[in-house]
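J.:
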Amino acid sequence: MTNQDTRRLQKVSDDVWDERTGCFVLKNPAYPEEEISRSLKNNPKLEDLAKYSIIGLKPRRADLGMNHHVNNVTYIGWLLEILPQKIIDTHELQVITLDYRRECQQDDVVDSLTTSKNGSATSGTQSHNNTQFLHLLRL
Numbered sequence: 001m002t003n004q005d006t007r008r009l010q011k012v013s014d015d016v017w018d019e020r021t022g023c024f025v026l027k028n029p030a031y032p033e034e035e036i037s038r039s040l041k042n043n044p045k046l047e048d049l050a051k052y053s054i055i056g057l058k059p060r061r062a063d064l065g066m067n068h069h070v071n072n073v074t075y076i077g078w079l080l081e082i083l084p085q086k087i088i089d090t091h092e093l094q095v096i097t098l099d100y101r102r103e104c105q106q107d108d109v110v111d112s113l114t115t116s117k118n119g120s121a122t123s124g125t126q127s128h129n130n131t132q133f134l135h136l137l138r139l
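Just so we're aligned, residue 1 is where the sequence shown starts under full-length UniProt numbering, counting upward by one.
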């Protein structure tokens, strides 16, 4: 949720969360929020380790939502676009965790950086079940 006065993200209270989501949200005990948060904090600086990169991505008008910010589908597209075709052909996306830090607007220019979090994903020696990538979209 974004605070309209400060334009910064804020935690959604449990009352608001329950009111807005009702019975439509399935909480997955396999991915507790604390574990995901801890995992994000323990990641190395991607700027130094990026194996794949696309520099200078620019949002199109179609990428913007009604608030004139890049929508979440575009972010996911930028993350997937950077992966080599061999990865796309041999792997299936099962879980994605996004950590939104800033809003991206139409005039922003974005760099997309990615590395395999657990070794070489193209070596053929690791199981498809545990291949993980760490992505960074940087303004």
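Built from N, CA and C at the ideal position, the CB exists for glycine as well.
Could you tell me the distance, in whole angstroms, from the CA atom of residue 65 to the CA atom of residue 139?
T.: Computed Cα separation, rounded: 18 Å.
J.: In or out: residue 55 buried (at least 16 other Cβ within 10 Å) or exposed?
T.: It is exposed - the Cβ of residue 55 has fewer than 16 other Cβ atoms within 10 Å.
J.: Is residue 88 buried or exposed, if buried means 16 or more other CB atoms sit within 10 Å of its CB?
T.: Classification for residue 88: exposed.
J.: Would you check if the distance between the CB atom of residue 137 and the CB atom of residue 78 is smaller than 8 Å?
T.: It is a contact, given that the beta carbons lie within the stated cut-off.
J.: Using only the alpha-carbon positions, how far apart do residue 58 and residue 97 sit?
T.: So the alpha carbons of these two residues sit roughly 23 Å apart.
J.: Between which two residues does the alpha helix (DSSP H) harbouring residue 54 extend?
T.: Per DSSP, residue 54 belongs to no alpha helix (DSSP H); it is in the beta strand (DSSP E), 52 to 57.
J.: If you compare alpha carbons, which of 132, 101, 131, 107 is closest to residue 147?
T.: Residue 147 is absent from the structure shown; the chain starts at 1 and stops at 139.
J.: Please return the same chain residues whose Cβ sits closer than 8 Å to the Cβ of residue 2, not counting the five positions on each side in sequence.
T.: Only 8, 9, 10, 103 meet the Cβ criterion.
J.: Under the rule that 16 or more other beta-carbon atoms within 10 Å means buried, what is residue 112, buried or exposed?
T.: With 16 or more Cβ atoms within 10 Å of its Cβ, residue 112 is classed as buried.
J.: Return the CA-CA distance between residue 61 and residue 5, expressed in angstroms with no decimal places.
T.: Cα-Cα distance, rounded: 25 Å.
J.: Looking only at DSSP bridge pairs, what is residue 69 linked to?
T.: Answer is 105.
J.: Return the first residue and the last residue of the alpha helix (DSSP H) that residue 89 is part of.
T.: Counting along the chain, the alpha helix (DSSP H) containing residue 89 begins and ends at 85 to 90.
J.: Measure the alpha-carbon distance for residue 71 versus residue 63 and round it to whole angstroms.
T.: Whole-angstrom Cα-Cα distance: 6 Å.
J.: Let me make sure I understand the geometry here. Which of 130, 114, 131 has the alpha-carbon closest to that of residue 49?
T.: Checked all of 130, 114, 131; the closest Cα to residue 49 is 114.
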